[in-house]
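K.L.:
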Amino acid sequence: MVGHIYAPDETIPDDLPQAGGAASAPAEAPAAAEPAAAAAAPVATVTRGEGERILSSPAARRLAGELGVDVATLAGSGPGGRIVEADVQAAADSGAAAPAAAGGGRSSPMARKVARELGVDLATVTGTGPGGRITKEDVEAAAAAPAAPAAAPIAASREDQTVPVRGMRKTIAARMHDSLQTMAQLTMDMDVVMDDAVKLRTQLIEEWEDEGIRPTYTDLVIRAAAKALEKHPLMNSVFNDTEMTLLGDIHVGMAVALEEGLIVPVVRHANAISMKQLAVESSRLAAAARDGSLTPDDLMGGTFTVSALGMFGVDSFTPIINSPQAGILGVNRLREDVAWDGAVPVKQQRMRLSLTWDHRALDGAPAAQFLAAVRDLLQAPYRLLV
30 MVGHIYAPDE TIPDDLPQAG GAASAPAEAP AAAEPAAAAA APVATVTRGE
80 GERILSSPAA RRLAGELGVD VATLAGSGPG GRIVEADVQA AADSGAAAPA
130 AAGGGRSSPM ARKVARELGV DLATVTGTGP GGRITKEDVE AAAAAPAAPA
180 AAPIAASRED QTVPVRGMRK TIAARMHDSL QTMAQLTMDM DVVMDDAVKL
230 RTQLIEEWED EGIRPTYTDL VIRAAAKALE KHPLMNSVFN DTEMTLLGDI
280 HVGMAVALEE GLIVPVVRHA NAISMKQLAV ESSRLAAAAR DGSLTPDDLM
330 GGTFTVSALG MFGVDSFTPI INSPQAGILG VNRLREDVAW DGAVPVKQQR
380 MRLSLTWDHR ALDGAPAAQF LAAVRDLLQA PYRLLV
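Right, here's the structure in full:
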């Protein structure tokens with residue numbers, strides 16, 4: 030007689046020989062082969078303890094895998110309580126049995142025990158054992174895996190706010206729209222080496238300190254533009270459909286940003302007054318613009334405009350002409366740069382100027398010549414004092 034020893038979670042094969050017999054009798058005679066369950070009879074299910082042996086035929090296990098039925102929950106109707114194909118089919122038809130776990134549809138008793146202890150849903154575990162069987166190690170790996178991050182909360186929506194367009198904003202909107210609609214505006218940029226201008230400004234601040242006068246870089250640009258306009262009168266003009274007027278006086282507007290909008294007071298005769306007078310006047314106009322004490326005369330008669338955004342870190346922009354003038358000069362930030370003297374790097378301080386002009390009044394070449402004249406004056410700034 031040959032004895033067979035099985036582990037607690039293994040099933041006994043159907044084709045073992047019967048004890049005490051010389052020849053093996055068929056495990057299941059054809060007449061007694063897996064009786065079909067009555068259609069109306071309820072399917073019995075059981076709850077087995079950990080390590081309890083499950084008796085099932087190979088055919089029953091194969092069918093359970095195909096139909097997704099967990100044989101551990103079935104009560105067998107075969108010899109000795111063995112689970113047979115008919116039990117599996119009846120359970121699948123009635124939906125009475127628990128579904129098999131994901132990842133191959135099978136899990137070991139130890140895997141199920143560990144899953145309960147660790148709170149792991151076997152339906153979310155992929156088995157790595159034979160035939161996709163879920164093992165204890167699979168469950169432990171699933172428990173150790175980091176949870177998916179929670180979705181960020183969606184910020185509460187804020188209501189739209191409607192603000193009426195009126196006052197200064199309405200005037201600016203109308204003038205800017207009219208300027209772009211009626212003029213052929215183009216913009217070009219040019220770099221200026223500002224090393225000498227920086228030195229001059231420092232000297233003037235020290236020289237005029239007792240009088241409380243502090244010239245700005247914008248003051249130097251206003252002065253350079255005014256001097257360049259003397260040599261390039263087309264930029265100091267007004268164009269209409271039938272004629273163009275070259276303006277005799279040079280009055281440079283300086284754009285000042287306020288909370289409620291942009292305002293442009295005018296430095297009159299910016300080419301003729303001294304550099305000190307220009308610095309004093311621009312400081313007065315800027316202060317008056319901010320405290321609301323500008324007079325109508327302070328805002329009238331501009332022939333050209335300078336707009337500075339360099340204090341905001343701007344490198345280049347496209348200023349819009351203050352109609353009916355022929356041009357506007359944008360002042361960008363002062364920045365450190367490097368030039369090359371042969372193979373030797375030389376540190377420089379540079380500033381970019383952005384000129385927008387009316388192409389109806391002058392073409393690109395004279396516009397570029399005017400901008401180059403401004404650049405040359407800033408690069409030889411002591412001429413601004415004359």
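Mapping of the sequence shown onto our numbering: residues 30 to 415, in sequence order. All C-beta atoms in this analysis are idealised placements derived from N, C-alpha and C, irrespective of residue type, glycine included. These numbers were taken from a predicted model, which means no experiment stands behind them.
Among the residues of its own chain, which have a CB less than 7 Å from the CB of R252, if the five just before and after it don't count?
P.N.:
For R252, where only same-chain residues beyond five positions count, the Cβ hits under 7 Å are A299, M304, L307 and L413.
K.L.:
Taking DSSP as the reference, what is the three-state secondary structure of S123?
P.N.:
Residue state, collapsed to three classes: helix.
K.L.:
Within 10 Å of its beta-carbon, does Q354 have 16 or more other beta-carbons around it, so buried, or fewer, so exposed?
P.N.:
Counting Cβ neighbours within 10 Å, Q354 comes out buried, since at least 16 surround it.
K.L.:
Tell me the DSSP secondary structure of P108 in three-state form.
P.N.:
Of the three classes helix, strand and coil, the one that applies to P108 here is helix, per DSSP.
K.L.:
Residues in its own chain within less than 7 Å of G290 by CB, not counting five upstream and five downstream?
P.N.:
Within the same chain, G290 has close Cβ partners M197, R198 and I201.
K.L.:
List the endpoints of the continuous alpha helix (DSSP H) containing T324.
P.N.:
No alpha helix (DSSP H) holds T324; DSSP gives it neither H nor E.
K.L.:
Which of helix, strand or coil does DSSP assign to D278?
P.N.:
In the structure shown, D278 sits in coil (DSSP, three-state: anything other than H, G, I, E or B).
K.L.:
Which of the three DSSP states, helix, strand or coil, is assigned to D320?
P.N.:
Correct three-state label for D320: helix.
K.L.:
Name the DSSP bridge partner or partners of W369?
P.N.:
Paired residue(s): P374.
K.L.:
When you compare the CB positions of K256 and L400, do they come within less than 8 Å of one another, or not?
P.N.:
Result no, Cβ atoms of K256 and L400 do not sit closer than 8 Å.
K.L.:
Can you check whether the CB of D387 is closer than 8 Å to the CB of M212?
P.N.:
Yes. Within cutoff.
K.L.:
Give every residue of the same chain whose Cβ lies closer than 8 Å to the Cβ of D344, excluding the five residues on either side of it in the sequence, and list them in chain order.
P.N.:
Only N361, R362, R364 and R381 meet the Cβ criterion.
K.L.:
In the DSSP assignment, the alpha helix (DSSP H) including L258 goes from what residue to what residue?
P.N.:
Run containing L258: Y246 to K260, per the alpha helix (DSSP H) assignment.
K.L.:
Taking all protein chains shown into account, decide if H280 is buried (16 or more other Cβ within 10 angstroms of its Cβ) or exposed.
P.N.:
Classification for H280: buried.
K.L.:
Put L287 into one of helix, strand or coil per three-state DSSP.
P.N.:
L287 falls in the strand class under three-state DSSP.
K.L.:
List the residues that DSSP assigns as beta-bridge partners of G359.
P.N.:
Answer by DSSP bridge pairing, in chain order: S336 and S383.
K.L.:
Should R230 be labelled buried (16 or more other beta-carbon atoms within 10 Å of its own) or exposed?
P.N.:
Counting Cβ neighbours within 10 Å, R230 comes out buried, since at least 16 surround it.
K.L.:
Between G105 and R111, what straight-line distance do the alpha-carbon atoms span, to the nearest angstrom?
P.N.:
Near 5 Å, if we compare the C-alpha coordinates of R111 and G105.
K.L.:
L263: which of V415, M273 and A173 sits nearest, CA to CA?
P.N.:
Ranking V415, M273 and A173 by Cα distance to L263 puts M273 first.
K.L.:
Which residues does DSSP pair with R364 in a beta bridge?
P.N.:
In DSSP, R364 forms a bridge with R379.
K.L.:
Per DSSP, what are the beta-bridge partners of D218 in this structure?
P.N.:
In DSSP, D218 forms a bridge with S383.
K.L.:
Looking only at its chain, what residues have a beta carbon closer than 8 Å to the beta carbon of G109, apart from the 5 residues adjacent to it on each side?
P.N.:
Counting only Cβ-Cβ distances below 8 Å, and skipping sequence neighbours, we find L84.
K.L.:
According to the neighbour-count rule (16 or more other Cβ atoms, all chains shown, within 10 Å of its Cβ), is P244 buried or exposed?
P.N.:
Result: buried.
K.L.:
For the candidate residues F341, V335 and A315, whose alpha-carbon lies nearest to that of S383?
P.N.:
Ranking the options by Cα distance to S383, first place goes to V335.
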